[in-house]
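Student: Just so we're aligned, residue 394 is where the sequence shown starts under my numbering, counting upward by one.
Each residue gets a CB set at the ideal place from its N, CA and C atoms; glycine is no exception.
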Amino acid sequence: MSAIPTKRLFWEDPYLKEFDAAALKVEGSRVVLDQTCFYPRGGGQTADLGQIQEARVVDVEKNEALDIVHILERDAPFKAGENVHGVVDWSRRYRIMRLHSAAHIVYYLMQQVYGEDCKPASSGLLDDQKERADYWFTDKLDREKLKQVEMEANRIIAEGRAIATWTDQDGESRFWKMEPFPAMACAGTHVRNSNEIGKIQVERGKKPGKGRERIEISLGE
Ligand SMILES: [Zn+2]
C-alpha cells in the first residue's frame, strides 16, 4: 500500500472518462488503485458507476486513509500488482456535474431572492436525477419567488459563465467559484462553463419538517 492516498484524476480533469491504473490492494470485490477518475460517495454527491476491466463498479467510497475504494459487483478479476483499465459511466457522471454546478447557483439565488426569510438548513444531496437541499423559512414559501429563482438561474446559466475549481494550499480543501457569486468549499465534480448545464427546473419537494422547505433541482431534457 502506498502512503499517498489515491490520486484524484477527477479533480485534475473532471472530463476524463477512462484511465489506466495499477491495482494496489484487492480484497475480494474491494479494490484500491494508485489513481482513479471514479468519484467516491461524499459531500452530498453520489458515487460514480462504471467498469474496471470486465467488472462493474457498483459503489465507490473513501476509507480512513483517504484511499478510494471501488466496490465491484463480484470478486475482482485481477490481482494486486496488475495494471487495469477503468471506464466511468459518462452520461450519468456528466448529468451529476451539470446538476452539481446548478446547485451552487440556486443556493446563492435562494438567499438573494428570498432575503432574510430563507437560510440553508442542510447541504445538498445529489444523484444524476435531482439535487435536493433544505432551507429554513420564516414565512410561508412564496411560489412566485421560486419561479423567480428558476428564471434568474436559467438566465445566468445561459450567459456562459466560466466556472473555476481548485485545491487550496494545504492540498486538501477544494473550492468552486463562478462570478458574481463568492467562492464555496466543495469537493464535487463540476462543468467548466455554465452553459453546459442547460435549462433547469427548480421545484418545491416534500416538506422535510416544520419551518423548512425542500428545494429540488432537475435538468430539463
Ligand atoms: Zn460543488
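Quick one: what's got a C-beta closer than 7 Å to K599's C-beta in the same chain, skipping five residues either side?
Tutor: These residues qualify, in order along the chain: R607.
Student: Does at least one heavy atom of ligand 1 sit under 7 Å from the Cβ of W559?
Tutor: Incorrect: W559 has no Cβ contact closer than 7 Å to ligand 1.
Student: Along the chain, where does the alpha helix (DSSP H) that runs through L502 open and close?
Tutor: Run containing L502: 483-507, per the alpha helix (DSSP H) assignment.
Student: Tell me which same chain residues have a C-beta within less than 6 Å of the C-beta of G517, skipping the five on either side of it?
Tutor: Closer than 6 Å at Cβ, skipping near neighbours: G437, A496, E524, A526.
Student: Measuring alpha carbon to alpha carbon, tell me which residue in L465, D413, V542, G591 is nearest G421.
Tutor: Minimum Cα distance to G421 is reached at L465.
Student: Ends of the alpha helix (DSSP H) at R597?
Tutor: That residue, R597, is in no alpha helix (DSSP H); its beta strand (DSSP E) goes 593-597.
Student: According to DSSP, which residues form a beta bridge with M577?
Tutor: M577 pairs with W569.
Student: Just to confirm, does W569 get its C-beta within under 7 Å of one of the non-hydrogen atoms of ligand 1?
Tutor: W569 Cβ: within cutoff of ligand 1.
Student: Does DSSP put E615 in a helix, in a strand, or in coil?
Tutor: Absent from the model: residue 615. The displayed extent of the chain is 394 to 614, so no value can be given.
Student: What does D413 pair with, by DSSP beta-bridge criteria?
Tutor: In DSSP, D413 forms a bridge with H478.
Student: Output needed for L534: all residues of its chain with C-beta closer than 8 Å, excluding positions within five of it in sequence on either side, in chain order.
Tutor: Once the five neighbours on either side are set aside, the close Cβ partners of L534 are R597, E606.
Student: Consider the C-beta atom of G581 and the heavy atoms of ligand 1; say whether any pair is separated by less than 7 Å.
Tutor: Yes, Cβ of G581 sits closer than 7 Å to a heavy atom of ligand 1.
Student: Assuming R536 is part of the beta strand (DSSP E), what are its boundary residues?
Tutor: Element bounds for R536: not the beta strand (DSSP E) but the alpha helix (DSSP H), 536-551.
Student: Would you say the beta carbon of H463 is closer than 7 Å to some non-hydrogen atom of ligand 1?
Tutor: For ligand 1, not one heavy atom lies less than 7 Å from the Cβ of H463.
Student: Given a threshold of 16 other Cβ atoms within 10 Å of its Cβ, counted over all protein chains shown, does H493 qualify as buried or as exposed?
Tutor: With 16 or more Cβ atoms within 10 Å of its Cβ, H493 is classed as buried.
Student: Assuming V481 contacts I445 under a Cβ cut-off of 8 Å, what Cβ separation, rounded to an integer in Å, is found between them?
Tutor: Contact flag wrong, Cβ pair sits at about 10 Å.
Student: So I550 and D521 are supposed to be a Cβ contact under 8 Å. How far apart are they, rounded?
Tutor: No, I550 and D521 are not in contact; Cβ-Cβ is about 18 Å, not under 8 Å.
Student: For a quick check, are the C-beta atoms of G479 and E411 less than 8 Å apart?
Tutor: Their beta carbons are under 8 Å apart, which means G479 touches E411 by this criterion.
Student: Taking E454 as part of the beta strand (DSSP E), name the residues at either end of that continuous run.
Tutor: Here the beta strand (DSSP E) through E454 covers 448-455.
Student: In three-state terms, what does DSSP make of L612?
Tutor: Residue state, collapsed to three classes: strand.
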